[in-house]
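Only one structure is covered here, and it is reproduced in the block below.
Number of protein chains: 2
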Amino acid sequence: MASIEVHVNKARVFCEKKGARFTSLREKVYALLLQQEGAIGAYELLDSLKLSEPGAKPATVYRTLDFLLEFGLVHKLESTNAFVACHHFDCNHPVQFLICDSCGEVQEIQSEGLKETLNKQAQSVGFNVIKQTIEAHGLCISCK
Amino acid sequence: MASIEVHVNKARVFCEKKGARFTSLREKVYALLLQQEGAIGAYELLDSLKLSEPGAKPATVYRTLDFLLEFGLVHKLESTNAFVACHHFDCNHPVQFLICDSCGEVQEIQSEGLKETLNKQAQSVGFNVIKQTIEAHGLCISCK
DNA sequence: GATGTGCATGTATAGTATTCAGCCACAAAC
DNA sequence: GTTTGTGGCTGAATACTATACATGCACATC
Numbered sequence: 001m002a003s004i005e006v007h008v009n010k011a012r013v014f015c016e017k018k019g020a021r022f023t024s025l026r027e028k029v030y031a032l033l034l035q036q037e038g039a040i041g042a043y044e045l046l047d048s049l050k051l052s053e054p055g056a057k058p059a060t061v062y063r064t065l066d067f068l069l070e071f072g073l074v075h076k077l078e079s080t081n082a083f084v085a086c087h088h089f090d091c092n093h094p095v096q097f098l099i100c101d102s103c104g105e106v107q108e109i110q111s112e113g114l115k116e117t118l119n120k121q122a123q124s125v126g127f128n129v130i131k132q133t134i135e136a137h138g139l140c141i142s143c144k
Numbered sequence: 001m002a003s004i005e006v007h008v009n010k011a012r013v014f015c016e017k018k019g020a021r022f023t024s025l026r027e028k029v030y031a032l033l034l035q036q037e038g039a040i041g042a043y044e045l046l047d048s049l050k051l052s053e054p055g056a057k058p059a060t061v062y063r064t065l066d067f068l069l070e071f072g073l074v075h076k077l078e079s080t081n082a083f084v085a086c087h088h089f090d091c092n093h094p095v096q097f098l099i100c101d102s103c104g105e106v107q108e109i110q111s112e113g114l115k116e117t118l119n120k121q122a123q124s125v126g127f128n129v130i131k132q133t134i135e136a137h138g139l140c141i142s143c144k
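As you go down the protein sequences, you meet chains H and B in turn. Position 4 of the first sequence, counting from 1, maps to 4 under the numbering used here, and the rest follow consecutively. Position 12 of the second sequence, counting from 1, maps to 12 under the numbering used here, and the rest follow consecutively.
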């Protein structure tokens, strides 16, 4: 597994290529998320961030997360209100999550088939999909 | 479309068959959800409930919703933190939602195929799915 | 140097959800 | 017919999640 630094550098290049600034705050938050096993809530993230940024407030974290979400560097798990770093933001992939309710591990999968199936179902009733949320809860291979 | 009363009665019979009490509070909350176009947040629901139950508190609503969720009479939309009545709780169906970001309409679909596709994807990495959350945001047929 | 834009700060507040202690009604057990 | 257990309800407090809005700062451009 590649080190955190490698991903952070990749993210910086990615942002700069898009004309966005990968500020120190954004870098720190992204690095914290990469360090994390599984997903982490915004306020837990805030607590970690405060170690290096004592003045950080909820708005600080949410603004930073908004940026990271917009550029696909981070995903939000809607079913747990938690955030998880994305390791391959540069391929424009569909995203689905497998969330282990026992150990908290979050596995990201990219199934075009799943995306297509949902799109087709939606189209069959005239619905035009813009964004999908697909999350499965259950037990990962090491917990079951 | 069948009247609300019909659904409420069906729900009562369903609960009693399972040995659960369909109390007046539960009935009222379920009826309020049935009346609703689309989904509704817990606190908005609380405001409606207060018209007939002035003493209702957040805990009142959440306890009642927990009951309704457990018996499948109601679903929670994780991506909007809102709740929506289920009209066919007695068939043990998979559930997916199409949520119109323009008019707020929520359409429930039951695609075995979608469920199976996700299960297969999960199994291929050794993950055992217990509960799925599948929600699509976009534009419904009348809004696009 | 003036100005515009994007980023950050600070404070407050809104919105969502749970905890915990105690009360009441009903039914089964004695 | 009292006791006891269970499920449901109330009440108050609090925790957790997220946004709004006003202001300030830094840098690039003109």
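Yeah, the Cβ is synthetic: ideal placement off N, Cα and C, and Gly gets one too.
query: Chain B within 8 angstroms of residue 65 of chain H, Cβ atoms only; result: no
query: CB contact below 8 angstroms: residue 9 of chain B versus chain H; result: no
query: Beta-carbon spacing of residue 22 of chain B, residue 89 of chain B below 8 angstroms; result: no
query: Residue of H/29, H/41, H/68 and H/69 minimising C-alpha distance to residue 53 of chain H; result: H/29
query: For residue 103 of chain B and residue 119 of chain H, the rounded distance between their alpha carbons; result: 20 angstroms
query: Through-space distance from residue 123 of chain H to residue 37 of chain B, alpha-carbon basis; result: 21 angstroms
query: Alpha-carbon spacing of residue 12 of chain H relative to residue 34 of chain B, whole angstroms; result: 49 angstroms
query: Exposed unless 16 or more other CB atoms sit within 10 angstroms - verdict on residue 17 of chain B; result: exposed
query: Extent of the continuous alpha helix (DSSP H) to which residue 32 of chain H belongs; result: 24–35
query: Between the CA atoms of residue 44 of chain H and residue 73 of chain H - distance to the nearest angstrom; result: 19 angstroms
query: Interfacial residues, the segment 109–139 of chain H to chain B, with Cβ spacing under 7 angstroms; result: 109, 111, 113, 114, 117, 118, 121, 122, 125, 126, 127, 128, 129, 130, 131, 132, 133, 134, 135, 136, 137, 138 and 139
query: Whether residue 137 of chain B touches residue 109 of chain B by CB criterion (8 angstroms); result: no
query: Within chain B, the residues that residue 98 of chain H reaches when beta carbons sit closer than 8 angstroms; result: 122, 125, 127 and 129
query: Neighbour list for residue 37 of chain H in chain B, Cβ cutoff strictly below 8 angstroms; result: Those do not exist, as residue 37 of chain H stays about 16 angstroms from chain B at its closest Cβ, beyond 8 angstroms.
query: As assigned by DSSP and simplified to three states, the class of residue 141 of chain B; result: coil
query: One or two residues paired with residue 129 of chain H in a DSSP bridge; result: B/138
query: N- and C-terminal bounds of the beta strand (DSSP E) containing residue 152 of chain B; result: The displayed coordinates of chain B run from 1 to 144. Any statement about residue 152 of chain B would go beyond what the structure contains.
query: Cβ-heavy atom distance, residue 80 of chain B to the ligand COA, below 7 angstroms; result: As presented, the structure is devoid of all ligands, the ligand COA included, so that no description of it is given.
query: Residue from B/144, B/127 and B/78 with nearest C-alpha to residue 130 of chain H; result: B/144
query: Residue 74 of chain B, DSSP secondary structure in three states; result: strand
query: Helix, strand or coil at residue 97 of chain H [DSSP, three-state]; result: strand
query: Where residue 59 of chain H sits in the DSSP three-state scheme; result: helix
query: Contacts of residue 3 of chain B in chain H (Cβ-Cβ under 8 angstroms); result: Simply none; closest approach about 24 angstroms.
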